[in-house]
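Peer 1: Structure incoming, see below.
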Amino acid sequence: MESQVIITLSTTSVAIALTGMLVAHRGPTPKTARVPLAIIFFGLAGLCGLPLASAFSETLSLFYLPALLPLLFLIPVAIYGYAKALAESPSAQGVEGWRDRFFPSAGLAVMLGYWSLSLSEKRTLFLEGELPPGFVPAALTFITFFLVLIWCVTSLAYLVAALRTLQHHRNTLRQFYSNTEAYDLYWFDGHLLGLVGLWAATVLSLLSDNLGPVTFVPTPIIYSLTIVFLLTLLGYSLSIVPSRMPVSQNTSPETVKPTKYARSALSTAQAERIAKKIESAMLESNLYQDPQITLGKLAHHIRTPQNHVSQTLNTHIGMSFFDYIAQRRVEASKLLLAKSDKAIHDIALEVGFNARSTYYKAFKRETGLTPRAYRLALREERNPTQ
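Numbering (our numbering), first residue to last: 787 to 1172.
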C-alpha cells in the first residue's frame, strides 16, 4: 500500500491536472495552444495517478504502470508544441513529423507488449521485481530500460527546443515592435525552468529505480514539484490570455534576416534615402514617443514598403526596429533627465516606454548607467564638491 502522504499528493496532482484539462478546453487559451496544453495536463495526470491506481486495485496498477512510458514521451512533445503555439511559430499546428511521434509510439507499443503478458507474469515483473521466464518479458524489459535512457536525453532536448522557440519569437518581435511586453511570454520561461528542475528530479528517480537500490530524490519531492508546476500553469491558463502577434503586414518574419533580402536588395543610395526618412520621422514627428509605434506604422508614415524599412534598419543602420526606437527614446530621456526634475517613471512614459523595467534596461545598455545614476552624475558635474 502507498503511504498516506503519497496518496494525498497524488490525488492533489490529478485533481489540478484534470482541472487544467477543462481550462485548456474552455478557458482563454488560444485555439492553436489548446491541444498541446490539454496533453500536458493529461500526461501529468496520468503520471501522478499511479499511486491512486495501486491503492484502488492491484490488478489495475499492473495495467496502469506500462501506460506511463508513452506518457513520459508525450509530455515533452506537448510542451514544445505549446511553446510553438504561444509563439505563433509557422509549424505550431500539431507535431512536426515522425520524430515527434516515434518515441511516444514506441512507448505505446511497449505498453501493449506488457499488456499482452499474463497476469502472473505482470505480477512477477512489476510487484516482485523479478524477470519471468521467456523471451518476451526479457525483450520488453530491455527495451524499456533503453527507452528510459533515451527519454532522459530527448525530453531535455525538447525543453531546450522550447526555449529556443521562445527566443526566436522574441527576436522576431524586436523587428516589428517598439514595446514587446504584451508578447514576450517571459512567464513561460519560468515554467520551463521549473520543468527543468522537475526533469532533473525525475531523471534521478528513474535512474535510481533502474540502476540501483539508492533513491536519489524522494517521491514526495517529485510530486510536490509537479503540484507547483501544475498550479502555476493552471493559474496562467486562467488569468493570462497570450497576446497574438499580428505580424502579417505583407512581411514574413523571415525577411528580417539579412540573408533573406537577396531578392529585394536595396542599393546603398536607396538605403541612405530611407534612413534619412526614418531619421526625419524621429526628429520632426517624434514617432518614438508613441508607445504603440510599430514597423508597419513607421513604414506607412514615411510611405515606404515595410520590408524596405526593415532591410534598411537591419543592414544599413545595423539595428533591429526595437533597438533603434529604444535608442531614440533613451536619447530623448537623457535631455529630460538633465533639464527637468520629473520622476523617472514619468520620463519613461513621456518618451514612449510603457514599462519602467524596459526603460531601465535600455538606458543601461546605451549608457552603462541607470537613469537615476545618470541624473546624479550630471548634478555632481554641474555642482562639484569644493
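Glycine residues also receive a C-beta, built at the ideal position from the N, C-alpha and C atoms.
Who are the Cβ neighbours of L992 in its own chain at under 6 angstroms, not counting the five residues just before and after it?
Peer 2: Contacts found: V934.
Peer 1: Starting from the Cα of I861, find the closest Cα among Y850, L984, S1066 and give me that residue.
Peer 2: Ranking Y850, L984, S1066 by Cα distance to I861 puts L984 first.
Peer 1: Exposed or buried, G915, counting other C-beta atoms within 10 Å across all chains shown (16 or more means buried)?
Peer 2: G915 should be labelled exposed.
Peer 1: Would you grab the beta carbon distance between L1121 and K1128 for me? Rounded to a whole angstrom, and I think it's under 8 angstroms.
Peer 2: At roughly 11 angstroms, the Cβ-Cβ gap does not stay under 8 angstroms, so L1121 and K1128 are not in contact.
Peer 1: Out of Y1146, K1125, A1118, A1124, which one is the CA nearest neighbour of H1131?
Peer 2: Of the candidates Y1146, K1125, A1118, A1124, the one whose C-alpha sits nearest the C-alpha of H1131 is Y1146.
Peer 1: Since A864 and G829 are thought to touch, with beta carbons under 8 angstroms apart, how far apart are those beta carbons, to the nearest angstrom?
Peer 2: Confirmed, Cβ separation roughly 7 angstroms.
Peer 1: Which residue wins for smallest C-alpha separation from G1138, given the options S891, H1087, E1167, Q1075?
Peer 2: Checked all of S891, H1087, E1167, Q1075; the closest Cα to G1138 is Q1075.
Peer 1: What does the alpha-carbon distance come out to for the pair L1155 and A1124?
Peer 2: Taking the straight line joining both Cα atoms gives about 14 angstroms.
Peer 1: Within a Cβ cutoff of 6 angstroms, which residues of the same chain sit near L1164, ignoring the five residues on either side of it in sequence?
Peer 2: Contacts found: A1124.
Peer 1: Taking only three categories from DSSP, how would you classify Y1145?
Peer 2: Three-state result, Y1145: helix.
Peer 1: Give the straight-line distance between the Cα atoms of A803 and I793, rounded to the nearest whole angstrom.
Peer 2: Taking the straight line joining both Cα atoms gives about 15 angstroms.
Peer 1: Inspect the CB distances between the stretch 1056-1068 and the stretch 1101-1108 and report whether three or more fall short of 8 angstroms.
Peer 2: Judged by Cβ distances under 8 angstroms, the stretch 1056-1068 makes contact with the stretch 1101-1108, as three or more pairs qualify.
Peer 1: Below 7 angstroms CB to CB, which residues in the same chain sit around L1177 once its five sequence neighbours on both sides are set aside?
Peer 2: Residue 1177 lies beyond the residue range present for the chain, which begins at 787 and ends at 1172; the question has no answer from this structure.
Peer 1: Got a sec? Which residues, its chain only, sit under 7 angstroms from P822 by beta carbon, not counting five neighbours each side?
Peer 2: Hits under 7 angstroms: A864, G867, Y868, A871.
Peer 1: Given G980, which residues of its chain have a CB within under 8 angstroms of its CB, disregarding the five upstream and five downstream residues?
Peer 2: Correct list, in chain order: L1011, V1014, F1015, T1018.
Peer 1: From what residue to what residue does the alpha helix (DSSP H) around L942 run?
Peer 2: That run of the alpha helix (DSSP H) goes 921-959.
Peer 1: For Y1074, which of helix, strand or coil comes out of DSSP?
Peer 2: Residue state, collapsed to three classes: helix.
Peer 1: Indicate whether S796 and P837 have their beta-carbon atoms separated by less than 7 angstroms.
Peer 2: Cβ distance < 7 angstroms, so S796 and P837 count as in contact.
Peer 1: Under the assumption that L945 contacts L978 (Cβ atoms under 8 angstroms), give the Cβ distance between them as a whole number of angstroms.
Peer 2: Right, their Cβ atoms sit about 6 angstroms apart.
Peer 1: Run through the DSSP bridge pairs and tell me what T1080 is partnered with.
Peer 2: Partner(s): Y963.
Peer 1: Thinking C-alpha only, which one of A948, A831, L903, S1023 is nearest T927?
Peer 2: Of A948, A831, L903, S1023, the residue nearest in Cα terms is L903.
Peer 1: Within 10 angstroms of its Cβ, does I1007 collect 16 or more other Cβ (buried), or is it exposed?
Peer 2: Classification for I1007: exposed.
Peer 1: Would you tell me roughly how many angstroms separate the C-alpha atoms of T1041 and K1083, rounded to the nearest one?
Peer 2: Because T1041 carries a pLDDT of 41, less than 50, the predicted location of this residue cannot be relied on, and the following value inherits that uncertainty. The straight-line gap from Cα to Cα measures roughly 17 angstroms.
Peer 1: With a threshold of 16 other CB atoms inside 10 Å of the CB of S1066, please say whether the residue is buried or exposed.
Peer 2: It counts as exposed.
Peer 1: State the DSSP-derived secondary structure class of I1088, mapped to helix, strand or coil.
Peer 2: Residue state, collapsed to three classes: coil.
Peer 1: Under a Cβ-count criterion, where at least 16 other Cβ atoms within 10 Å of its own Cβ denotes burial, should R812 be classed as buried or exposed?
Peer 2: With fewer than 16 other Cβ atoms within 10 Å, it is exposed.
Peer 1: Given W937, which residues of its chain have a CB within under 7 angstroms of its CB, disregarding the five upstream and five downstream residues?
Peer 2: Excluding sequence neighbours, W937 sits near L858, F859.
Peer 1: To the nearest whole angstrom, what separates the beta carbons of N751 and T1144, a pair I think is in contact under 8 angstroms?
Peer 2: What is shown of the chain runs 787 to 1172, which leaves residue 751 out entirely.
Peer 1: How close, in whole Å, do the beta carbons of L905 and L851 come, if the pair is a contact with beta carbons under 8 angstroms?
Peer 2: Wrong, their Cβ atoms sit about 13 angstroms apart, outside the cutoff.
Peer 1: Helix, strand or coil for L971? Go by DSSP, reduced to three states.
Peer 2: Coil at L971, not helix or strand.
Peer 1: Start and end of the alpha helix (DSSP H) containing M897?
Peer 2: Counting along the chain, the alpha helix (DSSP H) containing M897 begins and ends at 884-902.
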